[in-house]
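Scroll down for the structure; my scribbles are underneath it.
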Amino acid sequence: MTKRWTSNRMLNSYLRDPSALLGSFILLVFIVAAVLAPWIAPQNPYDLEKVSLEHFLTPPIWMEGGVAPYWLGTDDQGRGIFSTILYGCRTSLIVGFGVVLFAGTFGVLMGLLAGYYGKFVDSITMRLADTLFAFSTTLMAMLMLGLFSQRNILIVIIAICVVDWVRYARTMRGSVLEVKQEAYVMASKSTGAKDFRILLKHVLPNAIPPIFVIVAVDLAVAIMLEATLSFLGVGVPLTEPSLGMMIAIGKNYVYAGMWWMVLFPGSALVLLVIGINLFADWLREEMNPRIQRRS
1 MTKRWTSNRM
11 LNSYLRDPSA
21 LLGSFILLVF
31 IVAAVLAPWI
41 APQNPYDLEK
51 VSLEHFLTPP
61 IWMEGGVAPY
71 WLGTDDQGRG
81 IFSTILYGCR
91 TSLIVGFGVV
101 LFAGTFGVLM
111 GLLAGYYGKF
121 VDSITMRLAD
131 TLFAFSTTLM
141 AMLMLGLFSQ
151 RNILIVIIAI
161 CVVDWVRYAR
171 TMRGSVLEVK
181 QEAYVMASKS
191 TGAKDFRILL
201 KHVLPNAIPP
211 IFVIVAVDLA
221 VAIMLEATLS
231 FLGVGVPLTE
241 PSLGMMIAIG
251 KNYVYAGMWW
261 MVLFPGSALV
271 LLVIGINLFA
281 DWLREEMNPR
291 IQRRS
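Residue numbers (UniProt numbering): 1 to 295.
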């Protein structure tokens, strides 16, 4: 009954929150556009047979010299900005969800074990987490990427995860420390239940809610970090589309009047992050027990 009431309350709160609805809609639009990019995009900007230097630095279609189907203009390689943005969003979302999946899974596992068993396990895990947390995620990712002679999307995800798992582990550990003191956990221990059963049936389901907030926030952070790394030239390779790489290329031409090379990919990146953050803000309030008690 309590779980059903909580689910209904959250659903009602979500449907009544314009910011959460707007954020979800923005994120959904980007996901659909990224998935359907091969069918929506007028061209495959990374298919050499379909890219021609004849359309070098073509302006948007509403400006003099603009031509269809390059609605938002082209870059210095003749690739359509609109098409490249669609494919670049695919990279951003793959990296974002990949980081959340890998870092979240590893971090939750480490935090679960550290919080439940404590002592030696807790000390080793938290000292490692504190050491990694002392470094900038961007700098550590750059260092990791520098160790590989060849880069791809998976390598970028792993490089970000090296430090990113820490926030999940610290949050999960704190949540587990509270849950394991609950009466139902103590009662389960007193009946001789195995640790695995206690962790899986009692501790994890009740300690996991705060992680959902971290997931929502971390998705935007990972997307921005991928764009930053690609902007600096150490992210995904040149053969992979990236919003950050588009901005890096466009900045070389912006003072020559080719502003569309920076404005449109930059706007797409900002809009995507805003959509995620709007939803994350609502989720943070819903998962905050103090706010729930006041309401």
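Glycine included, each C-beta is placed from N, C-alpha and C at the ideal position. Model, not experiment: these values are computed from the prediction.
Which of the three DSSP states is assigned to residue i in this structure?
{"i": "T137", "result": "helix"}
{"i": "G96", "result": "helix"}
{"i": "G118", "result": "coil"}
{"i": "V191", "result": "Per the sequence presented here, residue 191 reads as Thr, with Val not at that position. If DSSP states are grouped into helix, strand and coil, T191 belongs with coil."}
{"i": "G80", "result": "strand"}
{"i": "N12", "result": "helix"}
{"i": "S225", "result": "Sequence check: residue 225 is Leu here, not Ser. Three-state result, L225: helix."}
{"i": "A37", "result": "helix"}
{"i": "E64", "result": "coil"}
{"i": "D47", "result": "coil"}
Are the beta-carbon atoms of residue i and residue j separated by less than 8 Å?
{"i": "I276", "j": "A207", "result": "no"}
{"i": "L229", "j": "G244", "result": "yes"}
{"i": "G107", "j": "A169", "result": "yes"}
{"i": "K61", "j": "M261", "result": "The residue asked about is misnamed: residue 61 is Ile in this sequence, not Lys. Not in contact: I61 and M261 (Cβ atoms no closer than 8 Å)."}
{"i": "Q77", "j": "V51", "result": "yes"}
{"i": "F212", "j": "G23", "result": "no"}
{"i": "I273", "j": "I223", "result": "Here the sequence assigns Val to residue 273, which means Ile is not the residue at that position. Against a cut-off of 8 Å, the Cβ pair of I223 and V273 comes out as a contact."}
{"i": "I160", "j": "L238", "result": "no"}
Candidates the options: which alpha carbon is nearest residue i's?
{"i": "R79", "options": "G233, L128, L48 and A103", "result": "L48"}
{"i": "L93", "options": "M10, S267, V35 and K194", "result": "V35"}
{"i": "P38", "options": "A68, N12, S83 and V99", "result": "S83"}
{"i": "G146", "options": "V236, R127 and V185", "result": "V236"}
{"i": "G98", "options": "M287, G192, E286 and D164", "result": "D164"}
{"i": "M287", "options": "G115, I214, W259 and A268", "result": "I214"}
{"i": "M110", "options": "I160, M172 and T239", "result": "M172"}
{"i": "Y87", "options": "V51, R127, Y46 and F120", "result": "Y46"}
Looking only at DSSP bridge pairs, what is residue i linked to?
{"i": "T58", "result": "None; T58 has no bridge partner."}
{"i": "T74", "result": "G80"}
Exercise for the section: Could I get the ranges of all uninterrupted alpha helix (DSSP H) runs contained in the region 146 to 206, with 4 residues as the minimum, in chain order? Expected result: 153 to 179, 183 to 190 and 195 to 198
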